[in-house]
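Scroll down for the structure; my scribbles are underneath it.
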Amino acid sequence: MLFRRFLRHRPRLDLEALRLRLSRPDALLWHALLGLIAGLATGVLIVGFRLSVEGFQAVMLPLHGENYEALSLWMRLLLPLVGALAIGVIFVRFAQGIPVLGVARVMERMEYHQGHLTARGLVLQFVGAAIAIVSGHSVGREGPHVYLGAASGSLIGQGLALPNNSIRNMAACGTAAGIAASFNTPLAGVIFALEVLALEYSIAGFIPIILAAVSANAVSVAVFGSAPVFQVHPFLLTSLSDLLPVAVLGLAAGALSAAYIQALQSCARFGKRFPYFWRIVLAGLTAGLCGMLVPEVMGLGYDTLHSLLAGQLPWAFLLVLLLVKLIATSTSVGFGIPGGTIGPALFMGAVIGNLVAGLAGLWVPIDASHASYYALLGMGAMMGASLQAPLAALTAIVELAHSPGVMMPGMLAIILAVVTTSQLFRKNSLFLGVLRANGLDYRANPVVELLRRSAVGGAMNTNFRRQPALMTRAAAERLMGEGPEWIIIETARGPSLLMPGIAIASHLAHDPEAQEIDLLAIPAERLELAPVHLQATLKEALDILRARGVEALYVQRPIAPGIDHIYGVLTKGRIESAYRY
Numbered sequence: 001m002l003f004r005r006f007l008r009h010r011p012r013l014d015l016e017a018l019r020l021r022l023s024r025p026d027a028l029l030w031h032a033l034l035g036l037i038a039g040l041a042t043g044v045l046i047v048g049f050r051l052s053v054e055g056f057q058a059v060m061l062p063l064h065g066e067n068y069e070a071l072s073l074w075m076r077l078l079l080p081l082v083g084a085l086a087i088g089v090i091f092v093r094f095a096q097g098i099p100v101l102g103v104a105r106v107m108e109r110m111e112y113h114q115g116h117l118t119a120r121g122l123v124l125q126f127v128g129a130a131i132a133i134v135s136g137h138s139v140g141r142e143g144p145h146v147y148l149g150a151a152s153g154s155l156i157g158q159g160l161a162l163p164n165n166s167i168r169n170m171a172a173c174g175t176a177a178g179i180a181a182s183f184n185t186p187l188a189g190v191i192f193a194l195e196v197l198a199l200e201y202s203i204a205g206f207i208p209i210i211l212a213a214v215s216a217n218a219v220s221v222a223v224f225g226s227a228p229v230f231q232v233h234p235f236l237l238t239s240l241s242d243l244l245p246v247a248v249l250g251l252a253a254g255a256l257s258a259a260y261i262q263a264l265q266s267c268a269r270f271g272k273r274f275p276y277f278w279r280i281v282l283a284g285l286t287a288g289l290c291g292m293l294v295p296e297v298m299g300l301g302y303d304t305l306h307s308l309l310a311g312q313l314p315w316a317f318l319l320v321l322l323l324v325k326l327i328a329t330s331t332s333v334g335f336g337i338p339g340g341t342i343g344p345a346l347f348m349g350a351v352i353g354n355l356v357a358g359l360a361g362l363w364v365p366i367d368a369s370h371a372s373y374y375a376l377l378g379m380g381a382m383m384g385a386s387l388q389a390p391l392a393a394l395t396a397i398v399e400l401a402h403s404p405g406v407m408m409p410g411m412l413a414i415i416l417a418v419v420t421t422s423q424l425f426r427k428n429s430l431f432l433g434v435l436r437a438n439g440l441d442y443r444a445n446p447v448v449e450l451l452r453r454s455a456v457g458g459a460m461n462t463n464f465r466r467q468p469a470l471m472t473r474a475a476a477e478r479l480m481g482e483g484p485e486w487i488i489i490e491t492a493r494g495p496s497l498l499m500p501g502i503a504i505a506s507h508l509a510h511d512p513e514a515q516e517i518d519l520l521a522i523p524a525e526r527l528e529l530a531p532v533h534l535q536a537t538l539k540e541a542l543d544i545l546r547a548r549g550v551e552a553l554y555v556q557r558p559i560a561p562g563i564d565h566i567y568g569v570l571t572k573g574r575i576e577s578a579y580r581y
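Residue numbers for the sequence shown, in UniProt numbering: 1 to 581.
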């Protein structure tokens, strides 16, 4: 009987111990295991998303999955409009005020909500992005993949009631896994998560993210294969003079990135004048008109991207393609279509690279390998500048094409593009632009990030006792025999004050005749108390101390309706000691 009861309660006890262990930032083994789980879940979800989108495209479009060019003129107008109407109806009915999805939403939830994402947002992102891509809106799949990955990790952590530092870590793992599974670029996924989410590098934080990226990429490779996403002819620099067009490309991509960010911000601000449904309809109408004019901009545009990487295209076509792609993407994303911005940035980067290849061809002979080389560099420069993530962009183009020869010129092009966008045009990243256009913000602070890496369970003092304010001398002597460091004083309001245990021992020594001890009256330092949940991070604990104007916290978690279990106490000095440690 006792053995059966032990077995029945053991899983709960083990999970409780796991939560306390995960409260510490150095719980490497468990965080690594959770990262692996988050990666596998992300990989399965993204494979499902891609199969759904590609399956619908195969049924709807003739010959191949992105052959929007084969549709009639009126179909190219109506398809994005019908898709926008469907998205509008779904989001008006079910979104409940979610202002933005994709990478920007993940950043906002990481900054202000401890990485907590909702199942509602996951379903809306999956369905909304799938409809947007299939119906020909000029959006990418990478942003939705990042959101789906982050939401997968976050929901698993929330389902296990893990501390918030672990939930944030799992959301970051899902972010890396989303990029890894989307592009078959595991290293770029890891660096993207670190750069874009402004995470601090540490072994304990880095290893789970790597495992998540690897496991998600493995799931994707098992279904879609391991071939590079883009086939590019190997190319090596033969002289330093070849760097001049690369420098021109970096400057041009930086200017185009600034225009891209500005266009998205302007469309988002303009769209605020209309109710959500009508601005989504406006996005569908604009996408349809752009599709009528230049059908190559519809959908992900990977078929056109392959053509841009295969050889030099006519200048007039490239200029029109670039302008229409910029308009189509800015209006779609700016007006609220739930798609990504990274894919269109890569598309426009390939166009600008192809244009620079044509410009360089006026002075030196340019063959197909040169054109594809400049297009690939343009993709990296545009991605790095628009996202303000140069290392992720460099790693992405190397992994996308399995072409290490682009590394040195890629560094030059990407850095020039990033500096041009941020310094010459004073533009922040695309994601920050989307957040601020929607009335949100994001600020990364290294001290705050350190406090978020630990939960209160890893820093609390567990050497405490709970006592009513009045107690007998015998009870006080028995209590001092246990040697508690802190005493929580219970009043009619519940746990109210915190005092050092040594104060009771001192009073007993100085007043040997006292038979009744009033903990509210004896000489002692008494700190006002407020509750903090066991899930909370040290940053949340510090915020509660400041907001409530108290001097200490007791760490608690509900274990039954109306019943809270207290795990420990936490003072401001204890938080500062944990930070210094």
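Glycine residues also receive a C-beta, built at the ideal position from the N, C-alpha and C atoms.
Residue i vs residue j beta-carbon contact at 8 Å
i    : j    : result
A161 : R19  : yes
G88  : F274 : no
L451 : L542 : yes
G205 : R453 : yes
V550 : G457 : no
H507 : I517 : yes
N102 : Y68  : The displayed chain sequence assigns Gly, not Asn, to residue 102. Cβ atoms of G102 and Y68: not closer than 8 Å.
L326 : M298 : no
N169 : H31  : yes
P531 : L553 : yes
R437 : M383 : Contrary to the premise, residue 437 reads as Ala rather than Arg in this sequence. No. Outside cutoff.
Start-to-end residues for the beta strand (DSSP E) that takes in residue i
i    : result
V569 : 563-571
V532 : 527-533
P468 : 464-468
G189 : Careful: G189 lies outside any beta strand (DSSP E), inside the alpha helix (DSSP H) at 186-196.
G494 : 494-500
Cα-Cα separation between residue i and residue j, rounded to whole angstroms
i    : j    : result
S52  : L538 : 41 Å
F425 : P390 : 17 Å
T329 : L36  : 34 Å
A381 : L394 : 8 Å
R4   : S138 : Unreliable placement is indicated for R4, whose pLDDT of 46 sits below 50; no coordinate value is reported for it.
Q515 : A475 : 10 Å
G39  : L29  : 15 Å
A368 : G128 : Confidence at A368 is low in this model, with a pLDDT of 49, below 50, so the placement of that residue should be treated as unreliable; the coordinate-derived value is given next. Taking the straight line from one Cα to the other gives about 38 Å.
I131 : S182 : 18 Å
L412 : L376 : 13 Å
F94  : Q125 : 12 Å
A371 : L244 : 15 Å
A212 : G301 : 28 Å
G415 : Q388 : The identity of residue 415 in the sequence shown is Ile, whereas the question assumes Gly. Their Cα atoms are separated by approximately 10 Å.
V320 : V82  : 25 Å
V406 : Y373 : 8 Å
P523 : R574 : 23 Å
H9   : L15  : Only weak support is given to the placement of H9: the predicted model assigns it a pLDDT of 44, under 50, and the value that follows is read from those uncertain coordinates. Cα to Cα, H9 sits roughly 10 Å from L15.
Residue closest to residue i, alpha-carbon to alpha-carbon, out of the options
i           : options                : result
G65         : T304, P512, L387, S226 : T304
G568        : H233, V419, P228, R466 : R466
L313        : G288, I517, G573, L359 : L359
L117        : S154, V418, L77        : S154
residue 585 : G140, L256, A216       : Shown here, the chain extends from 1 to 581; a query on residue 585 therefore has no answer.
L430        : L122, V196, L124       : V196
Y260        : I210, V333, N164, G43  : V333
T472        : E513, R436, R50        : E513
S220        : P186, S307, I210, D242 : P186
L527        : G378, A503, I559       : A503
S135        : M107, Y201, I209, G55  : G55
K427        : I90, G254, I559        : G254
M107        : R478, N463, L432, R557 : L432
S577        : I487, N461, L479       : N461
is_contact[residue i, chain B] using C-beta, thresh 8 Å
i    : result
L529 : The displayed structure is made up of one protein chain only, and chain B is not part of it.
Element boundaries [alpha helix (DSSP H), containing residue i]
i           : result
A283        : 276-293
residue 583 : Since the displayed the chain opens at 1 and closes at 581, residue 583 lies outside it and no answer follows.
V223        : 203-224
V550        : No alpha helix (DSSP H) holds V550; DSSP gives it neither H nor E.
S152        : 142-159
D518        : Note, D518: premise wrong, no alpha helix (DSSP H); beta strand (DSSP E) at 516-518.
P314        : From DSSP, P314 is part of no alpha helix (DSSP H); its letter is neither H nor E.
Residue i beta carbon near the ligand PLP (any heavy atom closer than 7 Å)
i    : result
Y554 : For the structure depicted, the ligand PLP is absent and the ligand set is empty, with no information on it obtainable.
Query raised in the report: Below 8 Å, can you find three or more Cβ-Cβ pairs linking the region 290-306 to the region 107-117?
Result: The answer is no - the region 107-117 does not touch the region 290-306, with fewer than three Cβ pairs under 8 Å.
Query raised in the report: Contact between the region 242-254 and the region 59-73: three or more CB pairs below 8 Å?
Result: In short, these stretches do not touch, since the Cβ pair count stays below three.
Requested in this report: Specify whether the region 258-274 and the region 329-341 touch according to this definition: at least 3 beta carbon pairs, one from each stretch, less than 8 Å apart.
Outcome: The answer is yes - the region 329-341 touches the region 258-274, with three or more Cβ pairs under 8 Å.
Query - At least 3 beta-carbon pairs within less than 8 Å: the region 172-181 vs the region 140-155 - result: They touch, by the three-pair rule.
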